[in-house]
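Colleague: Protein sequences appear in the order of chains X and A.
Note that our numbering numbers the first sequence so that position 15 is 15, with each residue one more than the last.
Note that our numbering numbers the second sequence so that position 294 is 866, with each residue one more than the last.
Beta carbons: idealized from backbone N, C-alpha and C, even for Gly.
Small disclaimer: the values here were computed from a predicted structure and weren't measured.
Take this structure first; my questions come after.
Protein chains: 2
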Amino acid sequence: MDSLAPHEITVMLLALGVLLGTARLLGELAQRLHQPAVLGEILAGILLGPTVLGTLAPPCNALLFPKHGANAITLDGIATLAVVLFLLVAGMEVDLSTVWRRGKVALKVGTAGILVPLALGFLAAWIVPQALGRQAEADPLLFALFLGTALSISALPVIAKTLMDLDLYRSDLGMVIVSAAIFNDLIGWIVFAVILGLMGTATGHAISIPLTIGLILGFAAVMLTAGRWLVHAVLPYLQAYAHWPGGVLSFALTLALFGAALTEWIGIHAIFGSFLVGVAVGDSSHLREQTRTIINDFVSFIFAPVFFASIGLKVNFATHFDAPLVLTVLAIACAGKLAGATLGARWGGMPARDAWAVGFGMNARGAMEIILGLLALEAGVIRQRLFVALVIMALVTSMMSGPAMQIILQLRKPWRLLKAFSSKAFLRELAAVSRREAVHELTAAACAAGNLDENDVESAVWTREEAMPTGIGKGIALPHARLPGLREPLVAVGISEAGIDFDAPDGEPAHGIFLILTPQEDPGAQLKIAAELSHLFHDRQMLAKVLRVKNFAEFLALMKSATPPQPASPAA
Amino acid sequence: MDSLAPHEITVMLLALGVLLGTARLLGELAQRLHQPAVLGEILAGILLGPTVLGTLAPPCNALLFPKHGANAITLDGIATLAVVLFLLVAGMEVDLSTVWRRGKVALKVGTAGILVPLALGFLAAWIVPQALGRQAEADPLLFALFLGTALSISALPVIAKTLMDLDLYRSDLGMVIVSAAIFNDLIGWIVFAVILGLMGTATGHAISIPLTIGLILGFAAVMLTAGRWLVHAVLPYLQAYAHWPGGVLSFALTLALFGAALTEWIGIHAIFGSFLVGVAVGDSSHLREQTRTIINDFVSFIFAPVFFASIGLKVNFATHFDAPLVLTVLAIACAGKLAGATLGARWGGMPARDAWAVGFGMNARGAMEIILGLLALEAGVIRQRLFVALVIMALVTSMMSGPAMQIILQLRKPWRLLKAFSSKAFLRELAAVSRREAVHELTAAACAAGNLDENDVESAVWTREEAMPTGIGKGIALPHARLPGLREPLVAVGISEAGIDFDAPDGEPAHGIFLILTPQEDPGAQLKIAAELSHLFHDRQMLAKVLRVKNFAEFLALMKSATPPQPASPAA
Chain X
1 MDSLAPHEIT VMLLALGVLL GTARLLGELA QRLHQPAVLG EILAGILLGP TVLGTLAPPC
61 NALLFPKHGA NAITLDGIAT LAVVLFLLVA GMEVDLSTVW RRGKVALKVG TAGILVPLAL
121 GFLAAWIVPQ ALGRQAEADP LLFALFLGTA LSISALPVIA KTLMDLDLYR SDLGMVIVSA
181 AIFNDLIGWI VFAVILGLMG TATGHAISIP LTIGLILGFA AVMLTAGRWL VHAVLPYLQA
241 YAHWPGGVLS FALTLALFGA ALTEWIGIHA IFGSFLVGVA VGDSSHLREQ TRTIINDFVS
301 FIFAPVFFAS IGLKVNFATH FDAPLVLTVL AIACAGKLAG ATLGARWGGM PARDAWAVGF
361 GMNARGAMEI ILGLLALEAG VIRQRLFVAL VIMALVTSMM SGPAMQIILQ LRKPWRLLKA
421 FSSKAFLREL AAVSRREAVH ELTAAACAAG NLDENDVESA VWTREEAMPT GIGKGIALPH
481 ARLPGLREPL VAVGISEAGI DFDAPDGEPA HGIFLILTPQ EDPGAQLKIA AELSHLFHDR
541 QMLAKVLRVK NFAEFLALMK SATPPQPASP AA
Chain A
573 MDSLAPHEIT VMLLALGVLL GTARLLGELA QRLHQPAVLG EILAGILLGP TVLGTLAPPC
633 NALLFPKHGA NAITLDGIAT LAVVLFLLVA GMEVDLSTVW RRGKVALKVG TAGILVPLAL
693 GFLAAWIVPQ ALGRQAEADP LLFALFLGTA LSISALPVIA KTLMDLDLYR SDLGMVIVSA
753 AIFNDLIGWI VFAVILGLMG TATGHAISIP LTIGLILGFA AVMLTAGRWL VHAVLPYLQA
813 YAHWPGGVLS FALTLALFGA ALTEWIGIHA IFGSFLVGVA VGDSSHLREQ TRTIINDFVS
873 FIFAPVFFAS IGLKVNFATH FDAPLVLTVL AIACAGKLAG ATLGARWGGM PARDAWAVGF
933 GMNARGAMEI ILGLLALEAG VIRQRLFVAL VIMALVTSMM SGPAMQIILQ LRKPWRLLKA
993 FSSKAFLREL AAVSRREAVH ELTAAACAAG NLDENDVESA VWTREEAMPT GIGKGIALPH
1053 ARLPGLREPL VAVGISEAGI DFDAPDGEPA HGIFLILTPQ EDPGAQLKIA AELSHLFHDR
1113 QMLAKVLRVK NFAEFLALMK SATPPQPASP AA
């Protein structure tokens, strides 16, 4: 039986470790810079692949990621498995009921947001194929169809994440964008699957074109109707009679593997099958949040980074970088999507400003376009130059989406409690024994952290404190002040083992003292922070845990795991 | 760049789907029969591999699991990755502080539980090597060392699961067994790593024997001291500054991959590295429960089943089944472990009955022995006949562990709330409008489900109910009776949308009525069930959810996801 030699096992594990570690590290850095994680993950592949490591240290690159032999095959197999699972998760995020609820506007935005870029991309590729990098031997119709579709699919995970970052996800505007993107995703993928079927038959696949297309549409129709219903009916039995959550977990993955195998066999790519299985599974209200989280987190933080990093291993992004082509693709992509989605939103009756925000929201391509491009590259429909241009287009449109929406809607950067803490304004053990001293100590720390004038701040806080003591009970005190000219909220944290009397209604001394400084211009911020803190410390366990932390990192880690987790999908 | 052809991708996905689906299905069935899941998982491999499918339908077997080419290589790579991750989880279960707390007794049981079987196995293999299946060309010393070690390693996951099933996990006896097994695991694996190092050098590995052993012991020492400390120090920073739980998740897996690559490079197997990384990561009190759950569940229900099923693909269990060899191995394995662990427990001052229970508890081999055997098979130290015997020994010792302890300790089968429900005794909508009618309706259903005499039961329940109404408030009522001759607790469930007055202290009508019937001989059972139910329905959300269920399966699924999850590790 063929198997990996010990040396090959070492290389496989090392290569996976390097890929995963680098991708996640750069993904985290990208997110700290408010960029989509997929940017960092692809960059990791570019660093480790032929573009950088292969140029600077060819032996290292050849050792870790050999182009031939067992290791190349194994890595390809694992990357394929990774993208299949990633599409399962992407499918699980598709919430069909959201689309129905938003109804007409979403359908209009979604339809126009597909048709316009598709038409524009198709026409451009048809009229000026050379400028878009078509090779002489490529089928012109297939090429034009591919480019049109590639430009028309939005990236739901990126869009959802951007909206969450801007606190727009649950707003009316946000739900229109999300539901339009879901509709866009679903239709776009089905169209793309049909094109892949055409490619497959064009490149000599065994099944005839009509049969292939019939199978694709049939499979999609069955999964979205009978499949969905069947999954929904089976889940309670699995949860009741098999291990929980293990039963549902294995069921979802087994189904995804079968769906993927089926669509790969039909002649379109495996990911289409797992995507549709994901839609069917994710749509069931019987799927518990815990099961969803386990699949989502494991796939998003392990498989997806490995897959996206592996893309950079396949192509040299330096030698195939073609500035005019990149700009052309970017211009056509933005023009088509912005025009389509914005017009769709106007058509649906939205005001101009909101319609533009919808346009920029839908313009984000992210992960999906890249996967599409890779399939086309592997099928020989496009070459590396165009692939590189598509990847860059996908990343740039994703990066501009958030800032553009913020400018158009004139949004304030939403505050986050976690961002208001700072290591400089964290006092593990207050020296203070009185309220006056505690205010003094915390003010000094806060002013050092925020470059503020100590006297002004202290007098503002103390005046407020004297007027009405801020002990709220359960060992917590929330002294505060609103300061003119402060740009962002700042919360200084002081812990006192002995406790300090803040005149709380329950008479208990305060062990956790949070000094809340907020901008004068934002009267709501202070109340929001106070509400969030008192909610966090409603359970007395929380204060007990805070008293056990040793330093700021441990404090921040504790706060982070106590506040609702950020959405997963680091691809976003 | 070498990659998988579309046909190979189809086969890979189909094969993984079939492996995972079959393994989990049979694993669940095994657990329903109170057997370790790993039994079912290995059986799945035997069914799909050369033993059954390869004999009955050779083309199917050859299509799904070809012996040569890209698919064989890819499956081997994925199975290797799976066992590396499984050992990460096994390592994370090792709680060093438990061993310290139990101190002397655990060390005595652990030490004797290794030394005696090791000595017995070594001597047997040294004196009657042919009877134990040694090949003429195998090195006699290595063979004897291997067999000794293989017989001396217990299977922590199996043991933990057995103890939980018997409600012994948190008892004194249970903790002695668990901590002895942890100690046993740790030492056993280090000894085995050294032997693997010897094998590697014997089979021509590049590094010299002393260097290999030095590296192994050095790596183990570093991981258990500095490595543990470092992980513990880094985790809060990761949780504070990276995505949570994504940061910690990727960190643990990246580290496991590096550790695995390192030990594979040293010349021992990759799993040793990920096991030690698991110990270091799992030991940190900063690792949050959620992160642990995600890794544990995904690995236990996806990777582990694929790995254990893949074992059955490698060997024909029918042609290599050698009854005398199986019985000999089983006898030596049981004799050594039982004698060692029982004597160790006596030496530690435990009474004879408890000492025997410890012996049978430690006797379970399960997953670990099988992995060891596979490594030895791949290294050429043993042949398929002995491998098959070791697998059977591991499964049989695991299967006898629970029943033996139950008999020795004269334990009642512990009740489980979930088992007391039954579809026959579930009334989705009570016709009753009064207390009297509700008791009548529920009694009838319970008697039908449990073959009881309706008149007797109803009069017992109603007498109790009349003496003191059983509405406990928040819309819940718990009528009950203790019945002579009843073997197991039985809970009939009635839901009433309209509500029935059970004279609750808060005056609310009961919408969820649970009729609790318990054996007269077990006076505690009724109080336990009542306490568990009132705890479950303490949060009013729970009753609202129950009112939304449509059938028994949905009800059971809901109860299951609300009660604390069963431990993962389906290998157990």
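Nearest by alpha-carbon distance to R292 of chain X: which of X:G507, X:M92, X:S97, X:L14 is it?
Modeller: Of the candidates X:G507, X:M92, X:S97, X:L14, the one whose C-alpha sits nearest the C-alpha of R292 of chain X is X:M92.
Colleague: Can you tell me whether DSSP reads G589 of chain A as helix, strand or coil?
Modeller: Of the three classes helix, strand and coil, the one that applies to G589 of chain A here is helix, per DSSP.
Colleague: Under 7 Å between C-beta atoms, does D1025 of chain A make it to chain X?
Modeller: For D1025 of chain A, the answer is no, since every Cβ of chain X falls outside 7 Å of its Cβ.
Colleague: Any beta carbon of chain X sitting closer than 7 Å to that of K991 of chain A?
Modeller: Cβ-Cβ to chain X under 7 Å: no for K991 of chain A.
Colleague: Excluding the 5 residues flanking P469 of chain X on each side, which residues of the same chain have their C-beta closer than 6 Å to its C-beta?
Modeller: Hits under 6 Å: F502, D503.
Colleague: Contact between the region 304-318 of chain X and the region 38-49 of chain X: three or more CB pairs below 8 Å?
Modeller: The answer is yes - the region 38-49 of chain X touches the region 304-318 of chain X, with three or more Cβ pairs under 8 Å.
Colleague: On the three-state DSSP scale, how would you describe V700 of chain A?
Modeller: V700 of chain A: coil per DSSP, three-state reduction.
Colleague: Give a yes or no on whether 7 Å exceeds the smallest Cβ distance from Q607 of chain A to chain D.
Modeller: Absent from the structure is chain D; the protein chains it does hold are X and A.
Colleague: Going by DSSP, which residues form a beta bridge with T1090 of chain A?
Modeller: Answer by DSSP bridge pairing, in chain order: A:R1054.
Colleague: Out of curiosity, what's the CA-to-CA distance linking V105 of chain X and G361 of chain X?
Modeller: Taking the straight line joining both Cα atoms gives about 15 Å.
Colleague: Based on Cα-Cα distance, which residue from A:I1101, A:A708, A:L902, A:T1015 lies nearest to S724 of chain A?
Modeller: S724 of chain A has its Cα closest to that of A:L902, out of A:I1101, A:A708, A:L902, A:T1015.
Colleague: Compute the Euclidean distance between the alpha carbons of D1078 of chain A and V461 of chain X, then round it to the nearest angstrom.
Modeller: In a straight line, the C-alpha of D1078 of chain A is about 46 Å away from that of V461 of chain X.
Colleague: Could you check the C-alpha separation between L574 of chain X and E137 of chain X for me, to the nearest Å?
Modeller: A question about residue 574 of chain X goes unanswered here, because the residues of chain X that appear run from 1 up to 572.
Colleague: Which partner residues does V1065 of chain A have in the DSSP bridge list?
Modeller: Note: V1065 of chain A sits in a beta bridge opposite A:F998, A:F1086.
Colleague: Might you give, ordered along the chain, the residues of its own chain that have their beta carbon closer than 7 Å to the beta carbon of I1044 of chain A, omitting 5 neighbours on each side?
Modeller: Around I1044 of chain A: L1050, A1076, S1106.
Colleague: Answer with yes or no whether the minimum CB distance from S822 of chain A to chain X is below 7 Å.
Modeller: Cβ-Cβ to chain X under 7 Å: yes for S822 of chain A.
Colleague: In the DSSP output, which residue or residues are listed as bridge partners for I476 of chain X?
Modeller: Paired residue(s): X:G473, X:G512.
Colleague: Using only CA atoms, which one of X:E497, X:P509, X:R487, X:I529 lies nearest to H480 of chain X?
Modeller: That would be X:I529, whose Cα lies nearest to the Cα of H480 of chain X.
Colleague: On the DSSP bridge assignment, give the partners of I1072 of chain A in chain order.
Modeller: For I1072 of chain A, which the question treats as bridged, DSSP gives the partners A:A1082.
Colleague: Compute the distance between the beta-carbons of G916 of chain A and V681 of chain A, then report whether it is under 7 Å.
Modeller: Yes, these two residues count as a Cβ contact at 7 Å.
Colleague: Could you pull out every residue in the same chain whose Cβ sits closer than 8 Å to the Cβ of S434 of chain X, ignoring the five residues on either side in sequence?
Modeller: Taken in chain order, the residues that qualify are I500, D501.
Colleague: With distances taken Cα to Cα, identify the nearest neighbour of A1129 of chain A among A:L989, A:I749, A:T891.
Modeller: The shortest Cα separation from A1129 of chain A among A:L989, A:I749, A:T891 belongs to A:L989.
Colleague: Using a Cβ-Cβ cut-off of less than 8 Å, list which residues of the region 270-304 of chain X approach chain A; keep chain order.
Modeller: Correct list: A270, H286, R288, Q290, T293, I294, I295, D297, F298, S300, F301, I302.
Colleague: Spatial neighbours of L598 of chain A within its chain, please: C-beta separation below 6 Å, excluding the five flanking residues on both sides.
Modeller: The residues are G612, L615, A616.
Colleague: Mind pulling the chain X residues with CB within less than 9 Å of G819 of chain A?
Modeller: What G819 of chain A touches in chain X: R24, E28, F301.
Colleague: Report the three-state DSSP secondary structure of Y813 of chain A (helix, strand or coil).
Modeller: DSSP places Y813 of chain A in helix when its eight states are reduced to three.
Colleague: Just to confirm my understanding: we take L486 of chain X, look at its own chain, exclude 5 residues before and 5 after, and list those with CB closer than 8 Å. What are they?
Modeller: If we look at L486 of chain X and ignore the five residues flanking it on each side, its Cβ neighbours are G450, L452, L517, T518, P519, Q520.
Colleague: So A716 of chain A is in the alpha helix (DSSP H); what residue range does that whole segment cover?
Modeller: That run of the alpha helix (DSSP H) goes 712-724.
Colleague: Within the continuous alpha helix (DSSP H) that includes S973 of chain A, where are the two ends?
Modeller: Looking at the DSSP string, the run of the alpha helix (DSSP H) that includes S973 of chain A is 956-980.
Colleague: With distance defined between alpha-carbon atoms, name the residue in X:L235, X:A498, X:I195 nearest to L217 of chain X.
Modeller: Ranking X:L235, X:A498, X:I195 by Cα distance to L217 of chain X puts X:I195 first.
Colleague: Just the Cα atoms here: how many angstroms apart are I295 of chain X and I302 of chain X?
Modeller: If you take the alpha carbons of I295 of chain X and I302 of chain X, they lie about 11 Å apart.
Colleague: With a 10 Å radius around its C-beta and 16 neighbouring C-beta atoms as the bar for buried, classify R860 of chain A as buried or exposed.
Modeller: It is buried - the Cβ of R860 of chain A has at least 16 other Cβ atoms within 10 Å.
Colleague: Is K528 of chain X close to chain A? Criterion is C-beta to C-beta, closer than 7 Å.
Modeller: Not one chain A Cβ lies under 7 Å of K528 of chain X.
Colleague: Confirm, please, whether the CB-CB distance from G945 of chain A to S970 of chain A is below 7 Å.
Modeller: Going by C-beta atoms, S970 of chain A is not nearer than 7 Å to G945 of chain A.
Colleague: Measure from the C-beta of P50 of chain X to each C-beta in chain A and report whether the shortest distance is under 7 Å.
Modeller: Answer no: the Cβ-Cβ gap between P50 of chain X and chain A never drops below 7 Å.
Colleague: If you follow the alpha helix (DSSP H) that D456 of chain X is part of, which residue opens it and which one closes it?
Modeller: Counting along the chain, the alpha helix (DSSP H) containing D456 of chain X begins and ends at 454-467.
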